[in-house]
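To start, the structure under review is shown below, and the notes come after it.
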């Protein structure tokens, strides 16, 4: 059996209870050594064999999984954050399907959630944005043309941008080309939830300058949109005394507005 496990965004205690149990049961762990906190390996049992996938190809990773399966061993494939976001898990699962090897998937805390916690931030503020766009700049790995940054920026929603810290000048240009004003609030979160986490508030036009001044060159998320300011939002109707829900009637004398919840 192969278990794909989300390691969480950085802090070792942000792995799920299920994820930590699977690590403790594993005979083989293949982990993304360039991104996953090595402290998570402390959950393993003494006889567990460890592989660092940062030094491996897809074929080499699969070979380890296949060999473990043939020996009747349990494998954990430990990915950073939640592996559904830029985790390259589908290609591994397809190889396992072809080989008839059973697997499952334990979710984790994504870095975009960790970045929000670093800023004590809510991405979906009423009256400002109810949409979060998770994306990345095109670099050595392309993105579909219809998902070019400027096209997505035209929505004016909250954007969380992965894998783009080395292209911030260009990122700012494309964000502004898509419709964000130069002074739109933005944030850079370096190594969210790690012990050396750092976060900086800037604007769309000053992203590159902020990163240079604070020596951030990689392992950071960029957050863009008016929600970064965490101000000027509307009160949530769900907890408003004039709002009726399935569980609570509006206060007497208040104008009612109903929603099933």
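Numbering (this note's numbering), first residue to last: 6 to 266. Quick reminder that beta carbons are idealized off the backbone N, C-alpha and C, glycines included. Bear in mind that the values here come from a model prediction, so they are computed numbers and not experimental data.
Proximal residues to residue 121 (C-beta, below 7 Å), its chain only, five neighbours per side dropped:
Here the set comprises 128.
Whole alpha helix (DSSP H) elements within the region 81 to 131, 4-residue minimum:
Whole alpha helix (DSSP H) segments, 4+ residues: 95 to 104 and 116 to 124.
CA-to-CA distance, residue 197 to residue 119, given in whole angstroms:
Spanning the two alpha carbons is a distance of roughly 5 Å.
Who are the near neighbours of residue 203 in its chain, counting only those whose CB is closer than 8 Å to its CB and skipping five residues on each side?
Taking C-beta separations shorter than 8 Å and ignoring five residues to either side along the sequence, the partners of residue 203 in its chain run 194, 195, 196, 219 and 221, following chain order.
I need the DSSP call for residue 266, collapsed to helix, strand or coil.
Reliability fails at residue 266, whose pLDDT of 44 lies under 50, so the model's placement of it is uncertain and no value is given.
To the nearest angstrom, how far is the alpha carbon of residue 99 from that of residue 67?
One C-alpha to the other measures close to 10 Å.
Taking only the alpha-carbon atoms, compute the straight-line gap between residue 159 and residue 185 and give it to the nearest angstrom.
So the two alpha carbons sit approximately 7 Å from each other.
Residue range of the unbroken alpha helix (DSSP H) whose run includes residue 173:
From DSSP, the alpha helix (DSSP H) with residue 173 extends over 173 to 183.
Cβ-based burial, residue 266 [other Cβ within 10 Å; buried from 16]
Because residue 266 sits at a pLDDT of 44, beneath the cut-off of 50, its placement in the model cannot be relied upon, and the point is left open.
How should residue 109 be labelled, buried or exposed, when 16 other C-beta atoms within 10 angstroms of its C-beta is the threshold for buried?
Exposed.
What's the call for residue 208, buried or exposed, on a 16-neighbour Cβ count within 10 Å?
Counting C-beta atoms within 10 angstroms of its own C-beta, residue 208 has 16 or more neighbours from the protein chains shown and is therefore classed as buried.
Who does residue 57 pair with in a DSSP beta bridge?
36, per the DSSP bridge assignment.
Touching by the beta-carbon criterion (3+ pairs, under 8 Å), the region 93 to 107 and the region 129 to 137:
Three or more beta-carbon pairs separated by less than 8 Å are not found between the region 93 to 107 and the region 129 to 137, which leaves the two stretches without contact.
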